[in-house]
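Trainee:
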Ligand SMILES: [Zn+2]
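In my numbering, the protein residues as written are 689 to 1077.
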């Protein structure tokens, strides 16, 4: 029962909450707004609203709108250089997981010398400690997926080394987060699916991790049931505000799961794919691997009770075997039209699956250490092979 609980983020949750941002005590006077280069935050008016809120709070700002999907180390370094040049004293991350994660990494590099990979603790990273406190971060999420607004984690790729790793410290928890489901009404159906399943896997994996705590268990089971109940409705009618609101809550709870437990090796296996194939959305990669992945866990009988509890949370009160969870997962994928995703559609090369398995094991050993059971190299190859279509 021994555990540490630490989530220092103040969260403004609910419909219309973006309108209250200016009433908050913001952590600085000059913001770097970090967002994507895509049109959606502009066309939907979200960027203009954030700018108005900052002005109403008496803040000035500079815009850095160069973040891409699966953001790269070079984007972090460019954003941090701008933050320093413009003497920004806090960062506002606006958008989905990519800009908010990038804003955390920019916050680190705005106050620390050298290169971002100097501080990376995995793979070819130099594993230096982050000595200076990162700039404070305000996260405004427009998607229900990564939960990054309620956790310290940031996932960044390195095009030079072909790596993609998570990183986080206490100083990369946002100090303030806005989770306003009205900002999520415009997410297209396919991305609603990918992001919703990403949140689901954060909770499923956090519930299975061998470092799960009594608090992460409560958060995870609640998030799992909210997603099973609401994701199909959010996919088929994006304007369904109740479904969006429940998905937003599930997303934030899943972020809290990541703060109190951890993702396991399903995420490590996926990061190899979307790290290499930039067009593959992270959530889509997870969906492709998930059935074979959880079947492998079920086969090992190391987490039977937990798999049954997950099946119950997904809406099967009579669940009595790990296979009931697999059935519930497949059913949700079918209900969301997510059961036909193919690796070959994203150009993933079947002949490289063994190499991917070795890379995941070598570069992301930390994720395998929190698995409920040992997954061998052969197990990982099996999961990729079985998932390949
Ligand atoms: Zn994820």
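Note that the Cβ used here is the ideal one computed from N, Cα and C, for glycine as well.
Keep in mind the model is a prediction, meaning the values are calculated, not measured.
1) What did DSSP end up calling residue 891 once you bin it into helix, strand or coil?
2) If you measure from the CB of residue 834, is any heavy atom of ligand 3 nearer than 7 angstroms?
3) DSSP has residue 852 in a bridge; who is on the other side?
4) Given this structure, state the Cα-to-Cα distance separating residue 832 from residue 876, to the nearest angstrom.
5) For residue 797 and residue 764, what's the separation of their Cα atoms in angstroms?
6) Answer with buried or exposed for residue 934, where buried requires no fewer than 16 other C-beta atoms within 10 angstroms of its C-beta.
7) Taking contact to mean at least 3 C-beta pairs separated by less than 8 angstroms, is the segment 1012–1022 in contact with the segment 925–943?
8) DSSP three-state label for residue 1090, please.
9) Give me whichever residues DSSP pairs with residue 825 in a beta bridge.
10) Which residue wins for smallest C-alpha separation from residue 776, given the options 970, 996 and 751?
11) Roughly how many angstroms separate the alpha carbons of residue 1055 and residue 1048, rounded to a whole number?
12) Excluding the 5 residues preceding and the 5 following residue 945 in the sequence, name in chain order all residues of the same chain whose CB lies nearer than 8 angstroms to its CB.
13) Within 10 Å of its beta-carbon, does residue 969 have 16 or more other beta-carbons around it, so buried, or fewer, so exposed?
14) Is there contact between the segment 845–852 and the segment 698–711, where contact requires at least three CB pairs shorter than 8 angstroms?
15) If you follow the alpha helix (DSSP H) that residue 865 is part of, which residue opens it and which one closes it?
16) Whole angstroms are fine: how far does the CA of residue 971 sit from the CA of residue 883?
17) Taking the alpha carbon of residue 923 as the point to measure from, which residue in 936, 879 and 963 has its own alpha carbon closest?
18) DSSP beta-bridge partners for residue 700?
19) Looking only at its chain, what residues have a beta carbon closer than 6 angstroms to the beta carbon of residue 874, apart from the 5 residues adjacent to it on each side?
20) With a threshold of 7 angstroms, establish whether the CB of residue 889 neighbours any heavy atom of ligand 1.
21) Which residue or residues does DSSP assign as beta-bridge partners of residue 760?
22) Which of helix, strand or coil does DSSP assign to residue 723?
23) Assign residue 1065 to buried or exposed, taking buried as 16 or more other Cβ atoms, counted over all protein chains shown, within 10 Å of its Cβ.
24) DSSP three-state call for residue 718: helix, strand or coil?
25) Select from 749, 734 and 694 the residue whose C-alpha is nearest the C-alpha of residue 717.
26) Given this structure, state the Cα-to-Cα distance separating residue 928 from residue 870, to the nearest angstrom.
27) Give the range of the alpha helix (DSSP H) segment to which residue 1056 is assigned.
28) Any chance you could list the beta strand (DSSP E) runs of at least 3 consecutive residues sitting entirely within the segment 977–1063, in chain order?
29) Taking 8 angstroms as the threshold, find out whether the segment 953–966 comes into contact with the segment 856–863 through three or more Cβ pairs.
30) Quick check on the DSSP output: the alpha helix (DSSP H) that includes residue 924 runs from which residue to which?
31) Assuming residue 766 and residue 779 are in contact, meaning their beta carbons sit under 8 angstroms apart, how far apart are those beta carbons, in whole angstroms?
32) Less than 7 angstroms separating the Cβ of residue 886 from some heavy atom of ligand 1?
Mentor: So, from the listed chains and residues:
1) Indexing the chain shown from 1 puts residue 891 at position 203. Note: residue 891 maps to helix in three-state DSSP.
2) Among the ligands modelled here, namely ligand 1, ligand 3 does not occur.
3) Stepping through the chain shown from its first residue, residue 852 is reached at position 164. Answer is 845.
4) Numbered from its first residue, the chain shown carries residue 832 at position 144. Numbered from its first residue, the chain shown carries residue 876 at position 188. Answer to the nearest angstrom: the Cα atoms are 12 angstroms apart.
5) Numbered from its first residue, the chain shown carries residue 797 at position 109. Numbered from its first residue, the chain shown carries residue 764 at position 76. CA-CA distance, residue 797 to residue 764, rounds to 8 angstroms.
6) Within the chain shown, residue 934 is the residue found at index 246, counting from 1. When all chains shown are included, residue 934 counts as buried.
7) The answer is no - the segment 925–943 does not touch the segment 1012–1022, with fewer than three Cβ pairs under 8 angstroms.
8) Residue coverage of the chain in this structure runs from 689 to 1077, which leaves residue 1090 outside it and unanswerable.
9) Residue 825 sits at position 137 when you count from the first residue of the chain shown. Partner(s): 779.
10) Against the chain shown, residue 776 aligns to sequence position 88. Nearest option by C-alpha distance: 751.
11) Numbered from its first residue, the chain shown carries residue 1055 at position 367. Numbered from its first residue, the chain shown carries residue 1048 at position 360. The alpha-carbon atoms of residue 1055 and residue 1048 are separated by roughly 9 angstroms.
12) In the chain shown, the residue the question calls residue 945 occupies position 257. Only 835, 890, 891, 894, 895, 904, 907, 908 and 911 meet the Cβ criterion.
13) Locating residue 969 in the chain shown gives position 281, counting from the first residue. Buried is the call here.
14) Too few Cβ pairs lie closer than 8 angstroms, so no.
15) Translated into the one-based positions of the chain shown, residue 865 becomes position 177. For residue 865, no alpha helix (DSSP H) segment is defined; the enclosing uninterrupted segment is the beta strand (DSSP E) at 864–867.
16) Your numbering for residue 883 matches position 195 in the chain shown. Your numbering for residue 971 matches position 283 in the chain shown. In this structure, the alpha-carbon of residue 883 lies about 6 angstroms from that of residue 971.
17) Counting from 1 along the chain shown, the entry for residue 923 is found at position 235. Closest by alpha carbon: 879.
18) Taking the first residue of the chain shown as 1, we reach residue 700 at position 12. According to DSSP, residue pairing for residue 700 in a beta bridge involves 866.
19) For the purposes of this step, residue 874 is identified with residue 186 of the chain shown, where counting begins at 1. Take residue 874, set aside five residues on each side of it, and the residues of its chain with a beta-carbon closer than 6 angstroms to its own are 732, in chain order.
20) On the chain shown, residue 889 is found 201 positions in, with the first residue counted as 1. Yes; taking the cut-off as 7 angstroms, the Cβ of residue 889 has a heavy atom of ligand 1 nearer than that.
21) Counting from 1 along the chain shown, the entry for residue 760 is found at position 72. DSSP, once it has assigned bridges, lists 845 as partnering residue 760.
22) Mapped onto the chain shown, residue 723 falls at position 35. DSSP places residue 723 within a strand segment (E or B) once states are collapsed to three.
23) In the chain shown, residue 1065 corresponds to position 377, counting from 1. The Cβ neighbour count for residue 1065, taken over all protein chains shown within 10 Å, is under 16; the residue is labelled exposed.
24) Counted from its first residue, the chain shown places residue 718 at position 30. Strand.
25) As a working mapping, residue 717 is identified with position 29 in the chain shown. Looking at the Cα atoms, 749 is the closest of the given residues.
26) Taking the chain shown and counting its residues from 1, one reaches residue 928 at position 240. Taking the chain shown and counting its residues from 1, one reaches residue 870 at position 182. Distance between the alpha carbons of residue 928 and residue 870 is about 10 angstroms.
27) Position 368 of the chain shown, counting from 1, holds the residue named residue 1056. Residue 1056 -> alpha helix (DSSP H) spans 1053–1057.
28) Annotation note: the segment 977–1063 contains no uninterrupted beta strand (DSSP E) run of length 3 or greater.
29) Taking 8 angstroms as the limit for Cβ pairs, the verdict is that the segment 856–863 does not touch the segment 953–966.
30) Position 236 of the chain shown holds residue 924. Note, residue 924: alpha helix (DSSP H), 902–924.
31) The count along the chain shown starts at 1 and reaches residue 766 at position 78. The count along the chain shown starts at 1 and reaches residue 779 at position 91. Contact check for residue 766 and residue 779: beta-carbon distance about 14 angstroms, past the 8 angstroms limit, so the pair fails to qualify.
32) To locate residue 886, count along the chain shown from 1; it is residue 198. Within the cutoff, so yes.
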